[in-house]
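If you read the sequence shown in my numbering, its first letter stands for residue 354, the second for the next number, and so on.
Note that CB positions come from ideal geometry on N, CA and C, so glycine has one too.
Step one of this worksheet: look at the structure below.
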Amino acid sequence: MLKAKNIHFCIRKRPIVDQADISLQAGELLAVLGPNGAGKSTLLKILSGEISCKNGDIRYNGVSIRDYSTKALAAVRAVMPQHSTLSFPYSAIEVVELGLGCQTVSAPDELLKEVMIETHTWKLRDMQYGKLSGGEKQRVQLARVLIQIWEIKPYPRYLLLDEPTSSMDIAQQHHVLQIVSKLKKRNIGILAIVHDLNLAAAYADNVALLKDGVIRYQGETEVVLTSENLEKTFDHPVKVLRDPGNDQLIIFSQVQTKRINHEFKLA
């Protein structure tokens, strides 16, 4: 389990993450949602170890993050930041290879091809990374992160994603979340900052709603994603409905709901 307790982080005495408790089980997809400036990315950076936080406790599989070496931590968690920059003229496949680092895997060439085929990046393998589109770069970065934890291991591992689908079209967004969902069967827990509420509703097992650095609500997706909770989190009227065709939650802003109701009346 990835477990964080009483995480408190300030910048210039202003709390960015305020006494946050969060837990992630292997085999679970946890979506972190919240308005801009809520502290989502900072929380992920603290959980990943990118930002050192003196206040609070973070443990991977029962071991404090402070007790992991860089190499040992990389073996139990992989991180995809919201933005990745690259100064060298690498090809796409060379970028993905960076995810192997100093790890020892049984068949690196086969692993590389498998992950790139899965992420729809194999056909891009010889292209210069800098000439790819925003969505293509994001998929290549995802492949780089996935290869770090793709090989099946006997111990739980974790994947931390900061808005992994922000530059992708709707088909690729769902494809990425489907790939991520497959990881649950590999004894991997996934924490993803997600911008689209409906993607979270469709794929997340659990949800955490963050506002002003505070985790206001956390629990099972269908319990947390209510109109009341979302309106309080985003300061905007929200309607949560259920699709009678597949029983899936559908989330609309109130303006969208009014327009849809009007269209139904016209019909």
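For residue i, three-class secondary structure by DSSP
i, result
"residue 465", "helix"
"residue 527", "helix"
"residue 476", "helix"
"residue 620", "No answer about residue 620 holds up, because its pLDDT of 47 lies below 50 and its placement is not dependable."
"residue 482", "helix"
"residue 376", "strand"
"residue 357", "strand"
Whole-angstrom C-beta distance between residue j and residue i, which should lie under 8 Å
i, j, result
"residue 406", "residue 360", "6 Å"
"residue 552", "residue 525", "The Cβ separation is near 12 Å, so there is no contact."
"residue 411", "residue 395", "Residue 411 to residue 395, Cβ: 13 Å. No contact."
"residue 567", "residue 371", "5 Å"
"residue 575", "residue 602", "7 Å"
"residue 481", "residue 442", "6 Å"
"residue 604", "residue 530", "That belief does not hold up - the Cβ atoms of residue 604 and residue 530 are roughly 15 Å apart, past 8 Å."
"residue 685", "residue 445", "Outside the displayed span of the chain (354 to 620) sits residue 685, for which this structure offers no information."
"residue 377", "residue 542", "4 Å"
"residue 577", "residue 560", "4 Å"
"residue 546", "residue 398", "Not really, about 11 Å apart at Cβ, beyond 8 Å."
"residue 409", "residue 358", "6 Å"
"residue 504", "residue 464", "6 Å"
Option nearest residue i by Cα separation, candidates the options
i, options, result
"residue 511", "398, 428, 600", "428"
"residue 450", "442, 461, 440", "461"
"residue 380", "447, 599, 557", "557"
"residue 475", "488, 487, 496, 456", "496"
"residue 384", "515, 586, 489", "515"
"residue 356", "391, 401, 444", "401"
"residue 435", "562, 480, 492", "492"
"residue 596", "571, 576, 581, 555", "555"
"residue 490", "433, 546, 540", "433"
"residue 569", "430, 391, 354", "391"
"residue 423", "580, 564, 403", "403"
"residue 548", "358, 387, 382, 363", "387"
"residue 580", "564, 565, 607", "607"
"residue 389", "599, 586, 600", "586"
"residue 508", "464, 426, 447", "426"
"residue 469", "538, 572, 598, 532", "532"
"residue 472", "598, 437, 517, 564", "517"
For residue i: DSSP bridge partner residues
i, result
"residue 364", "367"
"residue 541", "510"
"residue 385", "546, 561"
"residue 522", "Answer is none; residue 522 lacks a bridge partner."
Which full runs of the beta strand (DSSP E) of 3+ residues lie inside the region 544-615, going along the chain? 559-564, 567-573, 591-595, 602-606
Please list the segments of the beta strand (DSSP E) lying wholly inside the region 398-474, counting only runs of 3 or more residues, in order along the chain. 408-413, 430-433
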